[in-house]
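Data block below; observations after.
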Amino acid sequence: MLGRRVMRPQTFFHVCFSVFLLASFTSQSDAGDEFVYPGDVTVRDFRAEQMMYKPGEPVRFVVDFTAHAPPVNGKTPPLTLEISIEQELSPPFVAVRQTAELKPGVQRAELVWQTGGRDVYGHRATLHCRDAFGRVLAEAETLFDVADDWTPVMRLAAMEAAGLARPDRSQEDIDANIKMLRQAHINAVEAFTTTPRPYLLTPKERAWPYQYGENRLVSADVLRAWGKALHRNGMKFILYNEMSAITGPDAWKIWDDSWPKPRLITTYFAEKGMFNPNMLAIKDDFADQLAASIREYGWDGILMDSVGGAYRITAEGFNQAGERLTDLSIGEVSYRFLSAARQKARAENPDFRFLSQSAPQVSLKGIADSTSEIFGAIMRRAELLGLRRYSQANDMYTAEFDSHTEPRDGRYPLTYEAVLASMNSIRAAVGQPLMAWAHLSSPDYSEYSVAFVRPYLAAHFAARTQTHDHFGFYSGALSDGAGAPVSRQITRYNRFASRFSYYLFSPELHWLIEPDAAIRVSATRPILWDKTVYQRTTASGQRQMIIHLLNLPDDHHALGQKQIPPMAQNIAIRLPANKPMSTAWFLSADDDALQPLPLLPEKNADSSTTWRLPPLDCWGMVIMVEQ
Numbered sequence: 002m003l004g005r006r007v008m009r010p011q012t013f014f015h016v017c018f019s020v021f022l023l024a025s026f027t028s029q030s031d032a033g034d035e036f037v038y039p040g041d042v043t044v045r046d047f048r049a050e051q052m053m054y055k056p057g058e059p060v061r062f063v064v065d066f067t068a069h070a071p072p073v074n075g076k077t078p079p080l081t082l083e084i085s086i087e088q089e090l091s092p093p094f095v096a097v098r099q100t101a102e103l104k105p106g107v108q109r110a111e112l113v114w115q116t117g118g119r120d121v122y123g124h125r126a127t128l129h130c131r132d133a134f135g136r137v138l139a140e141a142e143t144l145f146d147v148a149d150d151w152t153p154v155m156r157l158a159a160m161e162a163a164g165l166a167r168p169d170r171s172q173e174d175i176d177a178n179i180k181m182l183r184q185a186h187i188n189a190v191e192a193f194t195t196t197p198r199p200y201l202l203t204p205k206e207r208a209w210p211y212q213y214g215e216n217r218l219v220s221a222d223v224l225r226a227w228g229k230a231l232h233r234n235g236m237k238f239i240l241y242n243e244m245s246a247i248t249g250p251d252a253w254k255i256w257d258d259s260w261p262k263p264r265l266i267t268t269y270f271a272e273k274g275m276f277n278p279n280m281l282a283i284k285d286d287f288a289d290q291l292a293a294s295i296r297e298y299g300w301d302g303i304l305m306d307s308v309g310g311a312y313r314i315t316a317e318g319f320n321q322a323g324e325r326l327t328d329l330s331i332g333e334v335s336y337r338f339l340s341a342a343r344q345k346a347r348a349e350n351p352d353f354r355f356l357s358q359s360a361p362q363v364s365l366k367g368i369a370d371s372t373s374e375i376f377g378a379i380m381r382r383a384e385l386l387g388l389r390r391y392s393q394a395n396d397m398y399t400a401e402f403d404s405h406t407e408p409r410d411g412r413y414p415l416t417y418e419a420v421l422a423s424m425n426s427i428r429a430a431v432g433q434p435l436m437a438w439a440h441l442s443s444p445d446y447s448e449y450s451v452a453f454v455r456p457y458l459a460a461h462f463a464a465r466t467q468t469h470d471h472f473g474f475y476s477g478a479l480s481d482g483a484g485a486p487v488s489r490q491i492t493r494y495n496r497f498a499s500r501f502s503y504y505l506f507s508p509e510l511h512w513l514i515e516p517d518a519a520i521r522v523s524a525t526r527p528i529l530w531d532k533t534v535y536q537r538t539t540a541s542g543q544r545q546m547i548i549h550l551l552n553l554p555d556d557h558h559a560l561g562q563k564q565i566p567p568m569a570q571n572i573a574i575r576l577p578a579n580k581p582m583s584t585a586w587f588l589s590a591d592d593d594a595l596q597p598l599p600l601l602p603e604k605n606a607d608s609s610t611t612w613r614l615p616p617l618d619c620w621g622m623v624i625m626v627e628q
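When we follow my numbering, the leftmost residue of the sequence shown carries the number 2, and every step to the right adds one.
Here's what the structure looks like:
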């Protein structure tokens, strides 16, 4: 609604503050001193001390700057450092303000927002450096999350431990990498893999051979240094472990019922004498090792690769004598295994989280790309695996949407419709956050392009799915390729996800499998939207509807994409009369301003409402609030 603007309390305060400063300096001026030229300020660093905070914790900001101000009547006026906070869709408010007496060289100031934030995830803090007359001489921004549980706001990059924790890696190297993590809006690192062989989580040596290349070493001291540096920056340190291969006694082994002779079940590293373990037999030993590894290296979580298969093989397998190992269901096997580890891990680190591969993948061969058929297949698969029971112990699932793998025969979702339906169906089936193994900055020459990565990453985020950037340290935003268009695109969308993560990953968001058929979206070209509609009721009772809009390549194919489609224009969302929405905002992931745009409703003759949107490059969100 347009009308007279009302001055906000913080705006009124700022005006009074500026007038007071102006008066305090100009009252001492001679009649001829009517002009005071601005000084120069350079902000060299501005950051929230940590990238993730708990609700209510004081949020600390660090400012490094150089400044010079011309004297007024022989006095050098102080610089005012003012930090405004934006959260949800609310306008910015001044959270903290303090003055700094100017000195030669680089100065550091520390400011604290004492009240902290609420559990609404993404926050943007903007620093304004003002002179004594209230003029802004420099500004900078930083993003941070406030979340009781860090898994919904995790943005993860992985690096092999032989590179991450090689013995000659210095603290300066680690600090430089962490600076790049911040610049790419990544707040968690996975070490892949830290052990000389799977399951051995706490090697005794100070340095040991890397699991996938024994001529390279992993240093225990460097692993510890990484953990400490990440924690200083409010980032999380994730341990990777391959769960389907182990060495040990016969009591840990599983056989199948092959005729005429049972076969020892092995998946990986059989040539090294490894085998699939009986998860019930190793659960206590695994729990002890994990707890010891957390004490040693400060892990915040573990990504357990292939663990879904290990649970299934345990539930269905036999001992060497041909006897069933257990009569427990797959879900109960998985729950009992992880419950033992969870109790001991949480005793070491109350914020420790478990990430389990894999979620209920479904072969799409022979399955139509309709939302309902994919949803039904995944729900049945999740029920068969007992994943709701497992979700009582597990914190996040991972799914391998590895569309880069040959043969591309339909085992993975190939169209964006299928990708969106699959990821949303998995989240609905397991009731926990989902992370996809997504090779974003793929080394594949045909997919190292904005044309591929832009819709690929947008589709993941629009389906409430976080990403595992496996090549971030090698050809992406954490490497020498940080300036490449691919890396800049990933950073742009990570930044958007960081600021507006409350509308992307909140557990209160509920997927509308089949949105109201009366909702209409029109534009100059087709827009995919009906597989990414969500509803939520906030703690205050406000009902929201979130609609993601995707302007995709014409063939909607995820692989080897070359087309950057033209902008979609004249976009309109028409809601039926039975869906009264009082307010709406448009958020564009392709607009670096990160500013919510209020939308104006148009009432139609049939009592429906039309909301008109600005042009769309690739990905946008509409947030609607019910009357």
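Just so it is clear, CB atoms sit at the ideal spot from N, CA and C, and this is done for glycine as well.
Considered as a whole, the region 428-463 harbours 435-439 as its complete beta strand (DSSP E) runs of no fewer than 3 residues, in chain order.
Between Pro263 and Gly310, the C-beta gap is not smaller than 8 Å, which leaves the two residues out of contact. By the Cβ criterion, the region 255-271 is not in contact with the region 185-197, since fewer than three pairs of Cβ atoms, one from each stretch, lie closer than 8 Å. Separation of the CB atoms of Leu128 and Val44 is rounded to 7 Å, and the pair is thereby assigned contact status at 8 Å. Under DSSP, the beta-bridge partners assigned to Ile303 are Leu240 and Phe355. Pairing Asp65 with Asp41 gives a Cβ-Cβ distance that is not under 8 Å. Residue range Ala221 to Arg233 is occupied by the alpha helix (DSSP H) that includes Gly228.
Within 10 angstroms of the beta-carbon of Phe94 lie fewer than 16 other beta-carbons, which makes it exposed. Straight-line spacing of the CA atoms in Leu576 and Asn552 works out to 20 Å. Here the region 205-223 makes no contact with the region 283-295; the two share fewer than three CB pairs at distances below 8 Å. Contact between Val121 and Tyr503 holds, with the beta-carbon distance rounding to 5 Å and staying under 8 Å. By the Cβ neighbour-count rule, Glu206 is exposed, with fewer than 16 other Cβ atoms within 10 Å of its own.
For Gln543, the secondary structure class from DSSP, reduced to helix, strand or coil, is coil.
Check the Cα spacing between Leu157 and each of Ser476, Ile187, Leu165 and Asp150: the tightest is with Ile187.
Fewer than three beta-carbon pairs drawn from the region 296-303 and the region 248-255 are found closer than 8 Å, and the two stretches are therefore not classed as touching.
In the three-state reduction of the DSSP assignment, Asp607 falls in the coil class, being assigned neither a helical nor a strand state. Secondary structure note for Phe193: its beta strand (DSSP E) is the uninterrupted segment Ala189 to Phe193. DSSP lists Trp512 and Ile547 as the beta-bridge partner residues of Tyr535. Under the rule that a run must span 3 or more residues, the beta strand (DSSP E) segments found entirely inside the region 111-170 read 122-131, 137-147 and 157-161. Here the C-alpha atom of His471 lies approximately 7 Å from the C-alpha atom of Trp438. Leaving aside the five residues that flank Gln536 on each side, the residues in its chain whose CB is nearer than 8 Å to its CB run, in chain order, Leu510, His511, Leu513, Arg544, Gln545, Met546 and Ile547. For Lys580, the CB contacts under 7 Å within the same chain, skipping 5 residues up- and downstream, are Asp517 in chain order. Secondary structure at Gln570: coil, using DSSP grouped into helix, strand and coil. With distances taken between CA atoms, Ile379 lies nearest to Arg428 out of Phe402, Glu333 and Arg428.
The beta carbon of Pro56 sits closer than 8 Å to the beta carbons of Gly117, Gly118, Arg119, Asp120, Val147, Ala148 and Asp149 from its chain, once the five residues preceding and following it are set aside; these are given in chain order. Within its own chain, the residues whose Cβ lies closer than 8 Å to the Cβ of Thr327, once the five positions on either side in sequence are excluded, are Leu281, Thr315, Ala316 and Val334, listed in chain order. DSSP places Val63 inside the beta strand (DSSP E), whose first and last residues are Val60 to His69. Leu415 is not a Cβ neighbour of Ala460, given a cutoff of 8 Å. Taking a contact to require three or more Cβ pairs closer than 8 Å, the region 483-496 and the region 436-454 qualify as touching. The Cβ-Cβ distance between Ala578 and Ser541 does not fall below 8 Å. Between Ile247 and Gly318, the C-beta gap is not smaller than 8 Å, which leaves the two residues out of contact. Judged by DSSP in its simplified three-state form, Met380 adopts helix. Fewer than three pairs of CB atoms, one per stretch, sit closer than 8 Å, so the region 267-274 makes no contact with the region 337-349.
When the beta-carbon positions are compared, Gly621 and Leu550 come within less than 8 Å of each other.
Here the alpha carbon of Met52 sits roughly 20 Å from the alpha carbon of Met160. The DSSP-derived three-state label of Lys345 is helix.
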